[in-house]
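Heads up, the thing below is written out as structure tokens.
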Amino acid sequence: MKKISRIYAGYGVSQTATKVLKIERIEKISNILLEHLTLFFVPSVVGIMNLFDKVKDIWVYLLIILLISTIVVILVTGLTVQVLDKYLANKRRKGA
11 MKKISRIYAG YGVSQTATKV LKIERIEKIS NILLEHLTLF FVPSVVGIMN LFDKVKDIWV
71 YLLIILLIST IVVILVTGLT VQVLDKYLAN KRRKGA
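Shown next as structure tokens:
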């Protein structure tokens, strides 16, 4: 499954770089998806509602896990961006 998504991601990047896929089209499609983002959460909420009897005793723990994992993702993303930014800045300085 990951291999297929990587192929599509690579395809999208290559199509954008070669100007076959216009940035405007990507922005338009992205905006449409973002406008309807809440609809993507409906199946998850319905699933939780169906399992509410099992989840009601541990919802506090689930909330804590969600908060911690969200914070970890934000931190890792931020650190990754900082490392890549420094790497690219050094690469530009050496190449210039």
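The sequence shown begins at 11 in the working numbering and counts up by one.
Every residue, glycine too, gets a C-beta built ideally from N, C-alpha and C.
DSSP-derived helix/strand/coil call for I68: Reading the sequence shown from its first residue, position 58 is the one you call residue 68. Under the three-state reduction of DSSP output, I68 falls in the coil class, being neither helix nor strand.
For L49 and N41, the rounded distance between their alpha carbons: Mapped onto the sequence shown, residue 41 falls at position 31. Mapped onto the sequence shown, residue 49 falls at position 39. N41 and L49: Cα-Cα distance of roughly 14 Å.
Assumed close pair V82, L72 - CB separation to whole angstroms, cut-off 8 Å: Mapped onto the sequence shown, residue 82 falls at position 72. Mapped onto the sequence shown, residue 72 falls at position 62. Taking the Cβ atoms as the reference, V82 lies roughly 16 Å from L72, outside the contact range of under 8 Å.
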